[in-house]
Amino acid sequence: MKRGLTPAHVTFLAFGFAFLYVPIALLILFSFNDSRLVTVWGGFSTRWYASLWSNAQLVASLRASLIVAVTSAAIATALGTIAAYALARFGRFSGRSVFSAILYAPLVLPEVITGLSLLLLFVAFGVERGLTTVIVAHASIGMCFVAVVVYPRLAGMDRSLEEAAMDLGATPLRTFLSVTLPLAAPAIASGFLLAMTISLDDLVIASFTSGPGSTTLPMRIYSQVRLGVTPEVNAISTLMILFVAVCLLLGVLITRRAAPDRTA
Amino acid sequence: MSRKPARIRTGLPAWILSLPLVWMLLFLVAPFAIAAKISLSRSALAQPPYEPSFDWSAGVADWMERATQFSFDAYAGLFADTIYLDAYLSSLRIAALSTLCALLIAYPFALSIAHAKGVLRPVLFVLAVAPFWTSFLIRVYAWIGILKDEGLLNHALIWLGLIEEPLQIFATDIAIVIGIVYSYLPFMILPIYVALEKQDAALLEAAADLGASPWRAFVQVTLPLSLPGVLAGCLLVFIPAVGEFVIPDLLGGSDTLMVGRTMWVEFFDNRDWPAASAAAILLLLVLLVPLRIYDRLQTAEERT
Numbered sequence: 001m002k003r004g005l006t007p008a009h010v011t012f013l014a015f016g017f018a019f020l021y022v023p024i025a026l027l028i029l030f031s032f033n034d035s036r037l038v039t040v041w042g043g044f045s046t047r048w049y050a051s052l053w054s055n056a057q058l059v060a061s062l063r064a065s066l067i068v069a070v071t072s073a074a075i076a077t078a079l080g081t082i083a084a085y086a087l088a089r090f091g092r093f094s095g096r097s098v099f100s101a102i103l104y105a106p107l108v109l110p111e112v113i114t115g116l117s118l119l120l121l122f123v124a125f126g127v128e129r130g131l132t133t134v135i136v137a138h139a140s141i142g143m144c145f146v147a148v149v150v151y152p153r154l155a156g157m158d159r160s161l162e163e164a165a166m167d168l169g170a171t172p173l174r175t176f177l178s179v180t181l182p183l184a185a186p187a188i189a190s191g192f193l194l195a196m197t198i199s200l201d202d203l204v205i206a207s208f209t210s211g212p213g214s215t216t217l218p219m220r221i222y223s224q225v226r227l228g229v230t231p232e233v234n235a236i237s238t239l240m241i242l243f244v245a246v247c248l249l250l251g252v253l254i255t256r257r258a259a260p261d262r263t264a
Numbered sequence: 001m002s003r004k005p006a007r008i009r010t011g012l013p014a015w016i017l018s019l020p021l022v023w024m025l026l027f028l029v030a031p032f033a034i035a036a037k038i039s040l041s042r043s044a045l046a047q048p049p050y051e052p053s054f055d056w057s058a059g060v061a062d063w064m065e066r067a068t069q070f071s072f073d074a075y076a077g078l079f080a081d082t083i084y085l086d087a088y089l090s091s092l093r094i095a096a097l098s099t100l101c102a103l104l105i106a107y108p109f110a111l112s113i114a115h116a117k118g119v120l121r122p123v124l125f126v127l128a129v130a131p132f133w134t135s136f137l138i139r140v141y142a143w144i145g146i147l148k149d150e151g152l153l154n155h156a157l158i159w160l161g162l163i164e165e166p167l168q169i170f171a172t173d174i175a176i177v178i179g180i181v182y183s184y185l186p187f188m189i190l191p192i193y194v195a196l197e198k199q200d201a202a203l204l205e206a207a208a209d210l211g212a213s214p215w216r217a218f219v220q221v222t223l224p225l226s227l228p229g230v231l232a233g234c235l236l237v238f239i240p241a242v243g244e245f246v247i248p249d250l251l252g253g254s255d256t257l258m259v260g261r262t263m264w265v266e267f268f269d270n271r272d273w274p275a276a277s278a279a280a281i282l283l284l285l286v287l288l289v290p291l292r293i294y295d296r297l298q299t300a301e302e303r304t
């Protein structure tokens, strides 16, 4: 690729970034609007933020979402890493293509299909629906994303390091724990973050698999949005965007510090 | 170092290695089998609301007898009522249109990012895919305030004197297309950028040396080489868009027919589980071809 930007490139970039960021900027701007009308500016105010903290339902759903996100992402990271390891180390085992097809399908499959069929599974086995079922559902989707992120790292790893460790007398398990895992750690960490983000964001699968009393934050926001556009929703959204922006920034800084020798 | 790997030495015991497989069979494969089974049941006023329901304690003979009660009523219902056929067709149409629009925006955008020099390139790339990390629901919600009849877009257009009367965009298929393009754009940018970024600059130089104009070099070199990325991007947008629920629900009108939303209503409002299951299985069958192509692309990617 020949480098260097022409005026045409700059125009495309300006248009693309405007399309991506103007809606988000407007959303943030109107969270500071004093007027209850979301589309008419009525002066600067932070009162919608203050009213958020007194909303007990909202705080409860935030708590539920965080529990689900952290737990499901932990399970997803463990399972997804092992799945990626199996794919990367066993060359062509029989059934490999079926294994990878099942692993890749949930990445694109419409959530209504996954959510509905998981719910039917829980009902068929008589499992009481609640936070646990949401965690299981999110872990199942999350492991696929983790596997996709971790696989290239494990497949591209220099095998001679593992062989050297074993030649020096390390058991296979010890080699896995003290050579393979640390080398794949950045990919595993970003897989964990991805699984957590997807869980925090999911409305459809959570709606199918949760029971009474286990309402997650997106479900709560969705029920408010259906009633109309309100400045409170803008305020929650702004806080969530801020949270994600800080996490992203930290993530970029950590990966830059952790892997200065990474070849692009 | 040309040692022959006499046996595969892996660091993990077999039972740990098989955990993901067991989990996948239980939570990613079994649910579809159950959905297929329920789609062959009849809707019933029971808990759960379908029959026959299988009792795990019942013997095989009992199961066989109950299996004779299977019916294709739910599927027949899908075809008897044109609502479903219309929903499938309009979902495919809206998803295809959205994919095309996303491609037209993402390609020049990704190409421009790939042309940037030095440290600017990764920075632009991270900024282009960063919106993916913010909540999907919130990004769709942001468009309600913009597209509504008394929304920001109409305010701006009237203020500029471009229109007299507010445009009716909200609650139309156009609003859904805008929502899908906006939400899924990072999925289109990512594979196209990756395909463009890894292209060898020497190819374009060679084309120029042989007298090709920049446009001709683009059409004959850059574009064909980026086609796998384009295909991957299109599938990453098209497949989930067909079954999209949130976007048609929030941006579409009450008469909007998209199969994801129809399924949701059938399940939560009408409590017709067999019909919803049949609709899900049928949607899965419709998506089987694009899913198969996507899977082959992934496998090809793995080999490189």
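Residue numbers (the numbering used here), protein chains in the order written: chain A, 1 to 264; chain B, 1 to 304. Note that the Cβ used here is the ideal one computed from N, Cα and C, for glycine as well.
Legend entry - Beta bridge counterpart(s) of A/Phe44 as assigned by DSSP: A/Asn33
Inset, instruction - Compute the distance between the beta-carbons of B/Ile138 and B/Pro248, then report whether it is under 9 Å. - result: no
Inset, instruction - Going by DSSP, name the residue or residues bridged to B/Tyr50. - result: B/Ser43
Inset, instruction - Compare the C-beta of B/Met1 against all C-beta atoms of chain A and say whether one is closer than 9 Å. - result: Since pLDDT at B/Met1 reaches only 40, below the 50 mark, its modelled position is unreliable, and the value read off the structure follows with that caveat. B/Met1 counts as touching chain A.
Legend entry - 9 Å Cβ cutoff met for B/Glu244 and B/Ile180: yes
Legend entry - Reference B/Ile144, options B/Pro122, B/Gln168, B/Ser91 and B/Glu164, closest by Cα: B/Gln168
Legend entry - Endpoints, the alpha helix (DSSP H) within which B/Ala171 is located: Note, B/Ala171: premise wrong, no alpha helix (DSSP H); not H, not E.
Inset, instruction - Please determine if the stretch 49-68 of chain A and the stretch 172-186 of chain A are in contact, where contact requires at least 3 C-beta pairs separated by less than 8 Å. - result: no
Legend entry - B/Ala128 vs B/Pro186 beta-carbon contact at 9 Å: yes
Legend entry - A/Ala73 beta carbon less than 9 Å from that of A/Ile249: Contrary to the premise, residue 249 of chain A reads as Leu rather than Ile in this sequence. No. Outside cutoff.
Inset, instruction - Please work out which residues of its chain come closer than 8 Å, Cβ to Cβ, to B/Pro274, disregarding the five sequence neighbours upstream and downstream, and give them in chain order. - result: Ile38, Ser39, Leu40, Ser41, Arg42, Ser43, Tyr50, Asp73 and Ala74
Legend entry - Closest by C-alpha distance to A/Leu52, when choosing among A/Val246, A/Arg220 and A/Ala245: A/Arg220
Legend entry - Between the CA atoms of B/Pro20 and A/Ile82 - distance to the nearest angstrom: 7 Å
Inset, instruction - Within 10 angstroms of the Cβ of A/Arg262, are there 16 or more other Cβ atoms? Answer buried if so, exposed if not. - result: Residue confidence is low: A/Arg262 scores 44 on pLDDT, short of 50, so the model does not pin down where it sits. Its coordinate-derived value is still stated next. Looking at its Cβ environment, which holds fewer than 16 other Cβ atoms inside 10 Å, A/Arg262 is exposed.
Inset, instruction - Look at the alpha carbon of B/Val126 and the alpha carbon of B/Thr82, and state the distance between them as a whole number of angstroms. - result: 45 Å
Legend entry - Under 8 Å by beta carbon: chain A residues contacting B/Phe276: A small fix is needed here, since residue 276 of chain B is Ala in this sequence, not Phe. Correct list: Leu116.
Legend entry - Euclidean distance between Cα positions of B/His155 and A/Pro23: 15 Å
Legend entry - Extent of the continuous alpha helix (DSSP H) run through B/Gln220: Per DSSP, B/Gln220 belongs to no alpha helix (DSSP H) and is neither H nor E.
Legend entry - Contiguous alpha helix (DSSP H) assignments of at least 4 residues, all confined to the stretch 84-148 of chain A: 96-108 and 111-124
Legend entry - Closest by C-alpha distance to B/Gly260, when choosing among A/Ala84, A/Ala245, A/Pro110 and A/Ser100: A/Pro110
Inset, instruction - Look at the alpha carbon of A/Leu13 and the alpha carbon of B/Ser112, and state the distance between them as a whole number of angstroms. - result: 7 Å
Inset, instruction - Measuring only between beta-carbons, confirm whether A/Met157 sits less than 9 Å from chain B. - result: no
Inset, instruction - Throw me the rounded Cβ distance for the A/Val149 and A/Gly191 pair, which I believe falls under 8 Å. - result: 4 Å
Inset, instruction - Kindly list the residues whose CB is nearer than 8 Å to the CB of B/Leu251, restricted to its own chain and excluding five residues on each side of it in sequence; keep chain order. - result: Val140, Trp143, Ile144, Leu147, Phe170, Ala171, Ala175, Ile176, Ile178 and Gly179
Legend entry - For B/Pro240, the three-state DSSP class (helix, strand or coil): helix
Inset, instruction - Under 8 Å Cβ to Cβ from A/Arg47, same chain only, skipping five residues before and after it: list those, please. - result: Asp34
Inset, instruction - With distances taken Cα to Cα, identify the nearest neighbour of A/Thr230 among A/Leu5, A/Tyr49 and A/Ala189. - result: A/Tyr49
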